[in-house]
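Protein chains in written order, with our numbering: chain A, 1 to 264; chain B, 265 to 531; chain C, 532 to 798.
C-beta: ideal position from N, C-alpha, C; glycine also.
The structure under discussion appears below in the form of structure tokens.
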Amino acid sequence: MTTARDTWHKPPFIANPVIRYTVWAAILVYFGWAIGTLPFDWGRAAEGLERAQRIFSGAFPPNFDRHELLIEGFLESLQIAIISTAGGVLLSIPIALMAARNLAPLPVYWFGRGLIIVARSFHPVIVAIIFVKAVGFGPLAGILTLIVYTIGFVAKMLAERIEEIDEGQVEAMRAAGANYPQTLIYAVFPQIMPRQIGLSIYQLDSNLRASAVVGIVGAGGIGSTLANAFGRYDYDFALAIMLVIIGAILISEAVSGQIRKRIW
Amino acid sequence: MVSLDAHPEDWARFTPRQRMQRYAIFAFILIAIVWAFGNVEIFWPWLIDAPEQMADLFGRMVPPDVTNLRSILAALLETVNIATIATVIGVALSFPVAYIAAQNTTPNAATLWLGRFILVSSRSVNTIIWALLFVAIFGPGVVAGILAITFRSLGFLGKLMGEAIEEIDRRPVEALEATGASRFKIILYAIMPQVMPTFLAVSILRWDINLRESTVLGLVGAGGIGVILQGAIDTFAWQEAATVLLAILALVILGEIISAVLRKRII
Amino acid sequence: MLRISNLVKSYGSDKPVLKNLDLTVEGGLVSVIGASGAGKSTLLRCINRLVQPTSGTIELNGVDMTALKGRELRAARRRIGMVFQGFNLVDRLTVMENVQSGRLGYISTWRAALRKYPKADIRRAFDLMERVGIAHYANKRADELSGGERQRVGVVRALMQEPEILLADEPTASLDPKTSEQIMELLRSLSRELSLPVMINIHNVHEAKAYTDRIVGMRFGRIIFDDKPEALDKPAMDEIYAGVPAQERGDSSHAAPAVGSAAMHTS
């Protein structure tokens, strides 16, 4: 016990002090600048509280009088979700096969990857707007949008799963003289099937959620009903719709979670 | 792909009971799809027309019009700012929510349910719907956008962070309880260090998602690049819309790369 | 002096884990032996109230531990150091932070948060770390250390509390035989140097005999042996471990199964 040291400092996360302080300064400057340049309209925001009160008092109690409209919108959302999941999952399989590095030749691989990246990058609402312009208002635009959305997620996850498959089984099939489709059916599909089923159920759940959203820009379903109610300042009906959406999402999440738990 | 005959010399993959179950599931799925197709109100000729319409639309998009590139880039930057500020606020708010929503740290049953209620209501309402609400309250603009993204992020962050808290190693907590440390000091020394890596990873992931979500806020008037996109689409300026779409694509891919790099650095 | 009288602990309506137990510890090294489930771990945890006793009293130097709550309980816990089987360090903090966490019951929250430890505490930490041979690891993260080194950190953390008694719950069960002997040797010499009473739950009877001054044998929540190590003969052993397979008794020097079963029993 010779050295009696009585100071200690925690070793800093970034050892070099110059870099450390530069990083801190950069972060500070960024937030100062970002907050400073955002066009806040304080006057409008200040009126907000009063308006919030008006909206909330207008929203309570939720109004279920037009439940026919509500049920109709909800069923349409369900139809959109089912059709787009079925279509999207079917399309995802060939796209995933294209985008799996271990099965596809390089140009095909890049094409498959490109499709997935584009499908993933655009928020469904943007895709919906474009489809609404192309095929008109209504559920068709919603279905097409959610097919793109499904491909973005399911094909990506599936491609990753295919890249992880046991190559030995593929080799064994090839060695037995199987052609490409036979190899797929006997060596690839059995390995990816559980994941594929799980993903499909998960995606049905996601699509139901998303269909409530894309409706806001005119792509059918309960989202359209909600946007209309909001547009007409029908806040009590809007609240009723939102409660139904929340309830449906909670139920579908619980159900899909249970099913996936049993499969995996 | 398998024979379903029941002759003894034949082989079948599934027992009759399994087969019945599988048929039932397939039938259920088939009925659901048939029901959906049968009842959905689609004007089918539109579907046949759709590829042509799409081709026509994309045809009108080329070549992209870059005359407004400067304002597009400015809006893009605004989008990034909305996403970043909202993520930071969301993360800050999610700490206490995660703390009360985690079973092992929540002070009592009432706080646990309060925490869960906050998480569920935040997560069940989509960003766009939050944005609609905040635009109605605060008027069009970035304030509504930031609040919408913050409120939606809160549920996501709080849920994942709460799960991280529930998964911590209890033993250091016990050790610090044994030293006579107060609850807050135990959070500082035994809980925070354990959950920090997950918190950072989750925050980066959410920033990446928020970047994507911020691109559509403008469509309901809540700021960002969506405002320009909406304007271009409404005025049928498809060539400008194409530029905006490309800009969004670039932004999202860049965001994904940045978040992947940051995540790798932390873990 | 630690005086336990008439201590009972039961979980729910199950049979009590501790049955009207009396024990007095005045000084030196006391080891508590017994089969898995005999109640050793519960007994130790009742002393610093990590486990809530059902009835009875525990008095440490004149203060009754069983009646304390909140701030008073934390103040009392500071006077009791504890060393754990799994070390219970915070892996992602440095060794110094882990060691200083033993002082959390003494220092203010802002000092704890900013890592601004009092000079006296830092000096004490370096002295103790020097004493056990880990001073050069002060800035290393706890998870970079080997098992024996981690347990030394655990010991220093407990000593930082300036405890009036040290509790050790299977301190060597996660260590290899050689390191395990070193830790026992360390506990013995520290106890002598600081004239600190040490109470050790131990599975390894061989170590208990070699390093401690007094052996307490427990079976089914009662003390059935309490004497000098020399007095622990074969009949006494048979009584303490009746029905336990020989290789799990832990008296055949360092049998590997003993480590395994000890780990199982505390978890």
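Top-ranked residue by Cα proximity to residue i, from the options
i                     : options                    : result
residue 705 (chain C) : C:721, C:678, C:690, C:684 : C:678
residue 598 (chain C) : C:580, C:614, C:573, C:736 : C:580
residue 674 (chain C) : C:621, C:715, C:635, C:649 : C:621
residue 5 (chain A)   : C:752, C:709, C:707, C:666 : C:666
residue 109 (chain A) : A:25, A:160, A:211         : A:160
residue 61 (chain A)  : A:236, A:242, A:245, A:253 : A:236
residue 35 (chain A)  : B:465, B:523, B:521, B:406 : B:406
residue 608 (chain C) : B:494, B:468, B:446, B:509 : B:446
residue 612 (chain C) : B:495, B:443, B:324, B:396 : B:443
residue 683 (chain C) : C:573, C:589, C:721, C:556 : C:721
residue 216 (chain A) : A:199, A:132, A:64, A:153  : A:132
residue 646 (chain C) : A:30, A:189, A:191, A:9    : A:9
residue 658 (chain C) : C:719, C:698, C:630, C:605 : C:630
residue 532 (chain B) : A:107, A:47, A:135, A:42   : No information on residue 532 (chain B) is available, as it lies outside the stretch 265 to 531 that chain B covers here.
residue 711 (chain C) : C:756, C:761, C:741        : C:741
residue 718 (chain C) : C:699, C:708, C:707        : C:699
residue 260 (chain A) : A:246, A:233, A:230, A:198 : A:198
residue 458 (chain B) : B:436, B:448, B:316, B:332 : B:436
residue 723 (chain C) : C:561, C:555, C:546        : C:561
residue 188 (chain A) : A:63, A:69, A:148, A:103   : A:103
residue 251 (chain A) : A:204, A:11, A:183         : A:204
residue 93 (chain A)  : A:156, A:220, A:164        : A:156
Where the beta strand (DSSP E) through residue i begins and ends
i                     : result
residue 749 (chain C) : 745-750
residue 537 (chain C) : 533-540
residue 699 (chain C) : 696-700
residue 549 (chain C) : 549-556
residue 588 (chain C) : 586-591
Nearest-angstrom Cβ-Cβ length linking residue i and residue j, presumed shorter than 8 Å
i                     : j                     : result
residue 385 (chain B) : residue 416 (chain B) : No, residue 385 (chain B) and residue 416 (chain B) are not in contact; Cβ-Cβ is about 11 Å, not under 8 Å.
residue 653 (chain C) : residue 150 (chain A) : That belief does not hold up - the Cβ atoms of residue 653 (chain C) and residue 150 (chain A) are roughly 59 Å apart, past 8 Å.
residue 583 (chain C) : residue 702 (chain C) : So it is not a contact: roughly 24 Å between Cβ atoms.
residue 439 (chain B) : residue 551 (chain C) : At roughly 30 Å, the Cβ-Cβ gap does not stay under 8 Å, so residue 439 (chain B) and residue 551 (chain C) are not in contact.
residue 505 (chain B) : residue 326 (chain B) : That pair is no contact at about 11 Å.
residue 537 (chain C) : residue 585 (chain C) : About 11 Å separates the two Cβ atoms, so there is no contact after all.
residue 491 (chain B) : residue 339 (chain B) : 7 Å
residue 558 (chain C) : residue 726 (chain C) : 7 Å
residue 697 (chain C) : residue 614 (chain C) : 7 Å
residue 342 (chain B) : residue 487 (chain B) : 6 Å
residue 627 (chain C) : residue 670 (chain C) : 7 Å
Unbroken alpha helix (DSSP H) run spanning residue i, endpoints
i                     : result
residue 133 (chain A) : 124-135
residue 495 (chain B) : 489-498
residue 68 (chain A)  : 67-98
residue 661 (chain C) : 650-663
residue 369 (chain B) : Residue 369 (chain B) -> no alpha helix (DSSP H), and no H or E assigned at all.
residue 573 (chain C) : 571-578
residue 402 (chain B) : 391-402
residue 737 (chain C) : 736-742
residue 328 (chain B) : Neither: residue 328 (chain B) is in no alpha helix (DSSP H) and is coded neither H nor E.
residue 145 (chain A) : 139-150
Residue(s) in a DSSP beta bridge with residue i
i                     : result
residue 613 (chain C) : C:698
residue 756 (chain C) : C:748
residue 730 (chain C) : C:561, C:698
residue 625 (chain C) : C:672
residue 595 (chain C) : C:590
> Looking at chain F, which residues of the segment 637-663 of chain C have a Cβ within less than 7 Å of any of its Cβ atoms?
Replying inline: Of the chains in the structure shown, none is chain F; the protein chains are A, B and C.
> Below 8 Å, can you find three or more Cβ-Cβ pairs linking the segment 76-85 of chain A to the segment 137-144 of chain A?
Replying inline: yes
>> I want to know whether the segment 334-349 of chain B touches the segment 462-475 of chain B - three or more CB-CB distances under 8 Å.
In response: yes
> Any contact of the segment 49-60 of chain A with the segment 109-125 of chain A, i.e. 3+ C-beta pairs under 8 Å?
Replying inline: no
>> Taking 8 Å as the cut-off, does the segment 439-455 of chain B touch the segment 495-515 of chain B (at least 3 CB pairs, one atom from each stretch)?
In response: no
>> Using a Cβ distance threshold of 8 Å, determine whether the segment 61-78 of chain A contacts the segment 197-213 of chain A, with at least three qualifying pairs required.
In response: yes
> On the three-pair Cβ rule with 8 Å, is the segment 227-244 of chain A touching the segment 99-107 of chain A?
Replying inline: no
> Does the segment 349-364 of chain B touch the segment 417-429 of chain B, meaning 3 or more C-beta pairs lie closer than 8 Å?
Replying inline: yes
> Is the segment 721-738 of chain C touching the segment 562-580 of chain C in the sense that three or more CB pairs, one from each, lie closer than 8 Å?
Replying inline: yes
> Is the segment 65-74 of chain A touching the segment 217-234 of chain A in the sense that three or more CB pairs, one from each, lie closer than 8 Å?
Replying inline: yes
> Should the segment 315-325 of chain B be called in touch with the segment 374-385 of chain B, which here means at least 3 C-beta pairs below 8 Å?
Replying inline: no
> Are at least three pairs of beta-carbons, each pair with one atom in the segment 738-751 of chain C and one in the segment 768-775 of chain C, less than 8 Å apart?
Replying inline: yes
>> With three or more C-beta pairs closer than 8 Å as the rule, is the segment 351-358 of chain B touching the segment 460-471 of chain B?
In response: yes
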